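The numbers in numbering that gives the first Met the number 0 rise by one with no breaks, and the one at position 505 of the sequence shown is 504. C-beta atoms are modelled at their ideal positions from N, C-alpha and C, and glycine is treated no differently. In this text, all values refer to a predicted model and were calculated from it rather than measured experimentally. First comes the structure, then the notes that go with it.
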Amino acid sequence: MWSAIVVLCLGLLFKQWVINSDSPIETDILKLLPTNKQDPVAAQAFDKITNNMSDQVVFVLSTCTSDTKEKSNLFMAAEQFSTTLNQSGYFKAVRSKVDPATQQAWASYYYEQRFNLLTKHQQGLLSDSPNTQVKTVVQAVYNPFSGVTGQELTNDPFLLFREYLQKLSASSSNFSLDNDYLVTQHDNKHYLLITAELASSPYSIQAQQSVPEIQQWQQSLSQTYNIDVNQTGVLFYADFGTRSAKSEISTIGLFSLLGIIALIFTVFRSSAPLMLALLSISIGLLVALAATTLIFGRVHLFSLVFGASLIGVSIDYAFHYLTDRLAAGKRWDSIKGLKHIFAAITLGLITSLIGYLGLLVAPFPGLQQLALFSAIGLASAYATVVAWYPILAKSPSADRKLPGQLFWRWWLTLWQNLWVKFGVPAIIIVISLLAMTKIQYNDDIHQLQAMPEQLKSQEKIIANVTGMQSSQQMLVVSADSDEQLLRSLEKLDDKLIQWQESSVINGYQSLHQYTQSEYRQRNNFTLIQSLYQTQAQDLADALQLSNVPTLDVTFTSNTLANYLESSVSEPTRFLYLGQFENKVSAVVLLKEVSDTLAIEQFVNNQSNIRYLNKAQEISTLFAQYRVKIMELLGIAVLIIASVLSVRYGPKKTVMILLPSLIACLAGLAVTVLIGSTLNLFNLLALILIIGIGIDYTLFFAEQARSQSTLLAITLSAMTTLLSFGLLSLSDTHAIHSFGITVLSGIFIAWLLAPLAISNHSRYANEKDSL
């Protein structure tokens, strides 16, 4: 039966990973996180903003100095680079030059509405002192550097449209057009902007294949034209995360396997135990991979990193069987050998499954996938030992003493000393409790992702030069109609300006900066109409015009729908969320928020505005689930205690659980002592310590002072320490601290495992050699 299941899973795995063209590996860190089911509009807003940002890649080419010759090199480099990007096939669109058609469409769109559009400053000026505008026009006309033409003066005699466009351009970008490129000067250098939209998801293998090629193209440009190229985008962070995860998977998997091979050859001195051990590991991982892919559709790299560490856990069952075989020598009976360890490995599996499956209650897709992957992997390794080992390991091993037999006898005798039995646990508890007085928690979501300094540095340079920042903090504004939505955004503008002036935020982006409500357009038209009626003659006299300017147009409004249909809105269209539950909504992006409390206090008094800070939301959720994980851990321990009490009774059950509970405390204490803050993942590590640590004490409870048991437990602990210990070398803080906690906890669980030995148990008369 087990063979049939394994063959089925292997066939499924072949179909999922070989036949299917799309790779089932998921690298998007956000897929690990829960969706906001309580606020679907907020969830939709975050998804839309994230999707828009994730597909964008930004390149900024810069000269070494402000020299004019270097600037010409910059244009040639941009031409070559944009051509290469276009021809690569990795990008759906590359925007380097602003073609004349786009410039014309943009100018025409706003020009047709020029009598409806005013900045806030212009509105105040025309309301309070309209005659000031006449002086502004006169100064501009007689200023040789203003660039005012006769044609412009005829079409816009009060130069209101010019001022509006300047304000619009300033709020949209730090760049101006030069040779049809977007160029700016900063710190005595010329900078040129190129943006591109990926043809596929930045988390796809296809998109990430472009990164090394892009780096080669940039090096070639730098050498040829003596320029620098900075880049930013989700693509580069995703690529780094993928490469880091793959490196960690291969490192953990390779060193775990090498450790297992070395241990098995040292202890068993035969290739047969090695083949059997690798068989149970491979079957466990392959079945887990097939089942997880089937259930979730895709397997996250995060699960694979932890899955690689399962090698050190799934080998436990094999070690117990193989050490019993080694101890029995020529007297080996494969069926009796299985019966001898069956109760212990079965109870060990059950306790481990209770720990792993407890993670399923957390609303984190990543943790649920990890829990399922681990549970299925362990169960499959167990099934392989139970179903196949009695057949494959039927022949006995050669008669010889257990390796380190004298040490095992001494170690077991040492733990019968009351000073050791009670003194060592007491010392560990006291030191751990003292260390726990310095405990600090850090639930920041960014611990889930390693942030390389090189990419962060380039992103900072681009942010300083362009003013473009990938903010994921936003306000979601809702209203009954598009018109009401724009009016709400315009009303919110005063508060946004106030926040900007008081450094609560560094800037913002909103639809009302690019289009205005009909109500405001009508007011603007009325102000402009009044300006012509009262100031046209003064302007004509000041400029000695032959004809007095007149306004011979009627008011025609431009709706939000018209704006969104226009090609002009393409860069900002993502800010509009559309209709949801009889409401229309839009997003206001906030840049560099320094005081979230001020924003939250304001939003709490607004019925139609919500503040969305995804990082803070998830970090808060992490903190909440830290508490829930502790509750879950307590429930898991009670369930395990209930299961064990049926077989061992209450007193013996306490001695079985005590080493693992002390190990949990010590694992957290060591993490604190090395200066690391604790988070949700450290508490998740406790579940594994409980599940794995109880395995050790269970075998002593079943087999008392058996030296083969101690050897098997030691081998299991060494492989577990090796696999999970390697996680502590991860560049990702969450995985690193998880590894530290498991590493120290498992060691303490092994150290204290002999506490479960009872000289009065029904197994006390078992001899050291089976």
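Among the options, the one whose alpha carbon lies nearest that of residue i
| i | options | result |
| --- | --- | --- |
| Gln86 | Glu212, Asn142, Thr118, Pro548 | Glu212 |
| Arg399 | Leu117, Met75, Ala326, Asn416 | Ala326 |
| Thr696 | Arg268, Ile745, Gln122 | Ile745 |
| Ala342 | Ser743, Leu754, Asp694, Phe723 | Asp694 |
| Gly403 | Leu11, Leu709, Ser487, Glu69 | Leu709 |
| Phe601 | Gly674, Thr558, Asp493 | Asp493 |
| Val228 | Leu754, Leu73, Cys8, Asn142 | Leu73 |
| Gln770 | Asp594, Leu411, Ile427, Gly422 | Since the first and last residues shown for the chain are 0 and 769, residue 770 lies out of range. |
| Asp197 | Val210, Tyr190, Gln578, Asp481 | Here the sequence assigns Leu to residue 197, which means Asp is not the residue at that position. Looking at the Cα atoms, Val210 is the closest of the given residues. |
| Gln472 | Ile48, Leu7, Gln138 | Ile48 |
| Asn441 | Ser659, Gly692, Leu677, Asp481 | Leu677 |
| Asn225 | Phe363, Thr62, Ile504, Thr265 | Thr62 |
| Trp331 | Gln605, Ser373, Arg268, Pro395 | Pro395 |
| Ala748 | Thr731, Ala380, Leu728, Ile686 | Ile686 |
| Tyr388 | Leu359, Trp409, Leu411, Tyr320 | Tyr320 |
| Leu337 | Ile353, Ala370, Ala382 | Ala382 |
| Glu151 | Asp179, Thr345, Tyr110 | Tyr110 |
| Thr250 | Leu728, Ser736, Thr292 | Leu728 |
| Ile353 | Gln706, Leu631, Phe698, Met654 | Leu631 |
| Leu359 | Ile628, Ile739, Val741, Leu660 | Ile628 |
Span of the alpha helix (DSSP H), counted from its first residue to its last, around residue i
| i | result |
| --- | --- |
| Gly283 | 270-295 |
| Glu788 | Given that the chain is displayed from residue 0 to residue 769, the structure contains no residue 788 and the question cannot be resolved. |
| Gly738 | 732-751 |
| Phe13 | 1-13 |
| Arg408 | 404-413 |
| Gly633 | 613-647 |
| Asp551 | Careful: Asp551 lies outside any alpha helix (DSSP H) and carries neither H nor E. |
| Leu176 | Here Leu176 belongs to no alpha helix (DSSP H); instead the beta strand (DSSP E) covers 175-177. |
| Tyr518 | 517-542 |
| Gln86 | 67-87 |
| Leu354 | Before going further, note that residue 354 is Gly rather than Leu in the sequence given. Counting along the chain, the alpha helix (DSSP H) containing Gly354 begins and ends at 333-356. |
| Trp105 | 99-110 |
| Phe601 | 595-603 |
| Ile461 | 452-465 |
| Leu563 | 559-564 |
Segment limits, beta strand (DSSP E) that includes residue i
| i | result |
| --- | --- |
| Met435 | Not the beta strand (DSSP E): Met435 falls in the alpha helix (DSSP H), residues 417-435. |
| Glu196 | 188-197 |
| Gln184 | 180-185 |
| Leu588 | 582-590 |
| Gln578 | 575-579 |
| Tyr208 | One point to set straight first is that residue 208 is Gln, not Tyr, in the sequence displayed. Here Gln208 belongs to no beta strand (DSSP E), and DSSP marks it neither H nor E. |
Presumed contact (8 Å Cβ cut-off) between residue i and residue j, rounded CB distance
| i | j | result |
| --- | --- | --- |
| Leu770 | Ala662 | Because the chain is modelled from 0 through 769, residue 770 falls outside the range shown and cannot be assessed. |
| Asn187 | Thr64 | 7 Å |
| Leu576 | Gln43 | 6 Å |
| Leu474 | Val587 | 4 Å |
| Ser431 | Leu377 | Actually they are not in contact, since the Cβ atoms of Ser431 and Leu377 sit about 28 Å apart, beyond 8 Å. |
| Gly666 | Ser743 | 5 Å |
| Leu158 | Thr135 | 7 Å |
| Lys420 | Leu754 | 7 Å |
| Leu273 | Ile294 | Actually they are not in contact, since the Cβ atoms of Leu273 and Ile294 sit about 32 Å apart, beyond 8 Å. |
| Asn557 | Gln520 | 7 Å |
| Ile756 | Trp414 | 7 Å |
| Ala392 | Ser333 | 6 Å |
| Val298 | Glu25 | 7 Å |
| Ala77 | Ser95 | 6 Å |
DSSP bridge partner residues for residue i (one or two, in chain order)
| i | result |
| --- | --- |
| Val298 | Ile24 |
| Gln367 | In DSSP, Gln367 forms no bridge with anything. |
| Gly232 | Val56 |
| Gln214 | DSSP lists no partner for Gln214. |
| Ser477 | Ser584 |
| Ala92 | Glu196 |
| Ser61 | Tyr190, Asp227 |
| Gly506 | Lys590 |
| Gln472 | Leu589, Asn612 |
| Tyr440 | Leu677 |
Contained alpha helix (DSSP H) runs [length at least 4] in the region 675-726, N- to C-terminal order: 679-702, 706-726
Residue ranges of each alpha helix (DSSP H) within the region 113-148, 4 or longer: 119-127, 130-140
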